[in-house]
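Going by this note's numbering, the first residue of the sequence shown is number 6, and it counts up by one from there.
Virtual Cβ for every residue (Gly too), placed ideally from N, Cα, C.
Please read these numbers as outputs of a predicted model, since none were measured by experiment.
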Amino acid sequence: MPSSEPPHDLVMNVRFLLLPLASALTLLPALASLSAEPQERSAELDEAARFLAGLPPLPGSPLESLASHPAWQEHAKEMEKLWEYFRHFQLDPIRQWSAEFLEASFSSTSPVFYPFSGPDAIYPRCFFPYASLYVLASREETGVPPSFAGLQSADLAWELPRIRQSLQWLLQWSFSVTKETRRLTASSTLGGMLPLYSLLLVRDGCRLLSVERGPSGGSTCLLFQGPEGREQRLCYFSVNLEDGAISSSGLPRFLQTIPAGPTLIKAASYLLHGSGFSELRRLILARSTLVLQDDSGIPVRFFAGGWTLRFFGLYQGPIRIFREFYQPELATLTANAHPPPLPFGFGYRWKREEASLIVATRSPRPPSTATRNKEGRSPPR
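Following this line, the structure appears as structure tokens:
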């Protein structure tokens, strides 16, 4: 029977993973600046991503001959196993749970922020599949989008296993090992986050349309069509999220130009518990309508006023190497709430019977005096 905790030597290297019409109009100024470079051809980008995902090329595709390569045949078989495992134990249960317990947030098109994302582009889509925009941020390199030329020049016997290994921890254990991710994605042809994001999106039934780069090079966006036919975006910021560095990264300014929405935090190495990431913590609390996180995210004491907390699963405290971040207040709140169990693993607690999460929802703000007057009501006396 495997241990309920990941192997110590690997977890030590775990870093922070590390529209309605009105919303659409609000997004336009922010997204307009992200198309400074020519867009990739839609068909090539999507077909190349499908090839990386282990899905068969379309008839007549330039990649059709590459699909006969023994390395790709093995890759396709192993990716199918890996994805089916993830779909059965994580994706389907999370979507069913989210539809029931997240209610309006599950179906909302509001932008989702996911700091410490690493290679994970799939969990925000599990919880919030209809978001118009996913904003991911971590220190991993952006890389380049998959292309016919890149795949045709790649050493598939060397590259494809590394692609699988880069996602294996995420799809089986729900988090990534930063040191391993960086080692495995250090490739001149298929390295960085964009190939992994592209792979995960097409595996989730999306069709890639284009890639857009910001003029400063601080962010890169994938435009894609979701399974329902709606256009959505995933924007990645390769940034240092620590105090001092984040303020000069362009990420806070970008978040200020888009509507408020949910924030997802998981397996974040408890960095938001300390003082070194206080700017990010304040940014999350200021821009979020909902924060969905495990206990490695923002400590519950920071949700003192203006938030409603819900708990799911039984809080057992951090895994051993993070035991100093135990939250007695969270233990008491969870025990008193008698929360329902989770049907999936989450964060460092990959066994569903040991997993827990917190859903913090911002309480509705009372309308301002000006708003009440405009609606024809008198201010209170």
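Burial state of residue i, where buried means 16 or more other Cβ atoms lie within 10 Å
i: THR268; result: buried
i: GLY234; result: exposed
i: ASP389; result: Any property of residue 389 remains undetermined from this structure, which presents the chain solely from 6 to 386.
i: SER368; result: exposed
i: THR194; result: buried
i: PRO75; result: exposed
i: TYR202; result: buried
i: ARG258; result: exposed
i: GLN298; result: buried
i: HIS93; result: exposed
i: PRO64; result: exposed
i: ARG274; result: Rather than Arg, the amino acid found at residue 274 in this sequence is Ser. It is buried - the Cβ of SER274 has at least 16 other Cβ atoms within 10 Å.
i: GLU217; result: buried
i: PRO129; result: buried
i: ARG169; result: buried
Expected contact under 8 Å - CB spacing of residue i and residue j to nearest Å
i: CYS211; j: VAL140; result: Contact doesn't hold; Cβ gap of about 17 Å is too wide.
i: SER179; j: PHE56; result: At roughly 26 Å, the Cβ-Cβ gap does not stay under 8 Å, so SER179 and PHE56 are not in contact.
i: SER47; j: SER215; result: 6 Å
Cβ of residue i within 9 Å of any chain D Cβ
i: TRP178; result: Annotation note: the requested chain D is absent from the structure, which comprises a single protein chain.
Own chain partners of residue i with C-beta closer than 7 Å, once the 5 adjacent residues on each side are dropped
i: GLY318; result: PRO344, PRO346, LEU347, ALA360, SER361, LEU362
i: GLY311; result: ARG367, SER368
i: ALA342; result: PHE316
i: ALA58; result: MET84, LEU204, VAL207, ARG208
i: PRO232; result: GLY210, CYS211
Test item: CB-CB of residue i and residue j under 9 Å
i: SER137; j: SER152; result: no
i: SER293; j: ALA340; result: no
i: PHE118; j: ALA272; result: no
i: LEU147; j: THR225; result: In the sequence under discussion, the amino acid at residue 147 is Thr, which differs from the Leu named in the question. Yes; because the gap between Cβ atoms is below 9 Å, this pair is in contact.
i: ALA81; j: LEU96; result: no
i: LEU156; j: LEU68; result: yes
i: LEU71; j: LEU213; result: no
Spatial neighbours of residue i in its chain, beta-carbon cut-off 8 Å, leaving aside the 5 residues before and after
i: SER280; result: ASP248
i: ARG286; result: LEU277, ILE303, PHE307
i: SER252; result: GLU284
i: GLY223; result: PHE242, SER243, VAL244, SER254, GLY255, LEU256
i: CYS131; result: GLN95, LEU96, ILE99, ARG100, SER103
Residue i beta carbon near the ligand COA (any heavy atom closer than 8 Å)
i: PHE56; result: Annotation note on the ligand COA: not contained in the displayed structure, which lists no ligands.
Close Cβ partners of residue i (< 6 Å) along its chain, the five nearest in sequence each way excluded
i: ARG238; result: LEU138, CYS226, LEU228
i: GLY196; result: GLY148, THR190
Which residue spans inside the segment 82-135 form an unbroken beta strand (DSSP E) run of at least 3? 117-120
Secondary structure, alpha helix (DSSP H): runs of 4+ residues fully inside the segment 330-366: 333-342
Where in the segment 131-185 do unbroken runs of the alpha helix (DSSP H), each at least 4 residues long, occur, reported from the N-terminal end onward? 153-158, 161-178
Give the list of continuous beta strand (DSSP E) stretches no shorter than 3 residues that lie fully inside the segment 260-300. 266-270, 293-298
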